[in-house]
Structure formats: C-alpha cells, structure tokens
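Q:
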Amino acid sequence: MGWRAMNAPGLELSSSGTSARRGDRACACLRSSSALYAAAMRMLRWMCGHTRSDKIRNEVIREKVGVASVVDKLREARLRWFGHVKRRGADAPVRRCEGLVVEGMRRGRGRPKKYWGEVIRQDLAQLHLTEDMTLDRKEWRSRIKVEG
C-alpha cells in the first residue's frame, strides 16, 4: 500500500488499526498495529529519501520528520474515546453497551480475540492511569497526549 492509497479520499482507518475501508468496499486490510506501523515507516523513509538498506533506525527517522509512533497515536485515540465514554451518564447508549454479553456464541479454534476492554486495561497499565482519572477531562487529556 503506497502513499497515494493511504491519502486517498474516503479511506478510513479504525482506531484499532484493524481494517481500512474505502467507501463501502473493503480494501487492503491491515490486520495489526504492526502492519500499520510498518506502512507508516515505509512512507516516512520515502519522504526522507532513505531506504531500509541505508540502515537508519526508525527512531532517528521519526525524530527527523517530527512525528510520533503510529502505535502511540492509536493508544492516544483509544484512551481519548475511553475517557469520553466514562464521562457519559449511565443511561447513555454507549454506556449501556458496555455491559452487553452475547450468549450462545461459540468461539472458534485458536487464540481468543482480544477485546477492546482488554486493550484499554493494557493501555491504562502502561501509562500508569486509573479509570477514575477520566472524570477530570483536562488532566486526562494531558496525561494521554502524545507529542509529535
């Protein structure tokens, strides 16, 4: 997937980085944040005029361009939405969906899928945050903000 495909009108990336859509048709499915990270690094290298054979570290290229890691920006977006959801009232539709449990569904074989709540718990632990901190919006946004 090249630079033009990433900037094409109508291309939307979910905050989890799991899928890319152009209008109603699915296109170039990005299955993990590592695939999104690799695509972003290819574009940054291209912008700087470097190739992988130049053996320049990713951190150096990101610092040169002045952008943050895609993985960090995705975490910021997830936590920003989490704070929004937690600040809503208990009767809001988005809060009522939190406790939904689907019964009667069998899980497939293999490794279980990672749920949004599990990813949020990992993000909170990584940044040493608690759910109670979401109530103060300014403080929450300043703690989850990624510079770059």
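In UniProt numbering, the protein residues as written are 1 to 148.
Idealized CB from N, CA, C, for every residue including glycine.
1) Within a Cβ cutoff of 8 Å, which residues of the same chain sit near T130, ignoring the five residues on either side of it in sequence?
2) By a C-beta neighbour count over all protein chains shown, 10 Å radius and 16 as the cutoff for buried, is T134 buried or exposed?
3) Within the continuous alpha helix (DSSP H) that includes P93, where are the two ends?
4) Does the stretch 55-74 come close enough to the stretch 33-46 that 3 or more CB-CB pairs lie under 8 Å?
5) Give me, in chain order, the residues of the same chain whose beta-carbon lies closer than 6 Å to that of V85; leave out the 5 immediate sequence neighbours on both sides.
6) Measure the Cβ-Cβ separation of R88 and I144 and say whether it is below 9 Å.
7) Classify V70: buried if its beta carbon has 16 or more other beta carbons within 10 angstroms, exposed otherwise.
8) Taking the C-alpha atoms as reference points, what is the distance between S33 and D72?
9) Might you give, ordered along the chain, the residues of its own chain that have their beta carbon closer than 7 Å to the beta carbon of C48, omitting 5 neighbours on each side?
10) Within the stretch 49-114, note down every full alpha helix (DSSP H) run reaching 4 residues or more, in order along the chain.
A: Checking against the coordinates, here is how it stands:
1) Counting only Cβ-Cβ distances below 8 Å, and skipping sequence neighbours, we find L124.
2) buried
3) 93-96
4) yes
5) V94
6) no
7) buried
8) 10 Å
9) I61, K64, V65
10) 58-65, 70-87, 93-96
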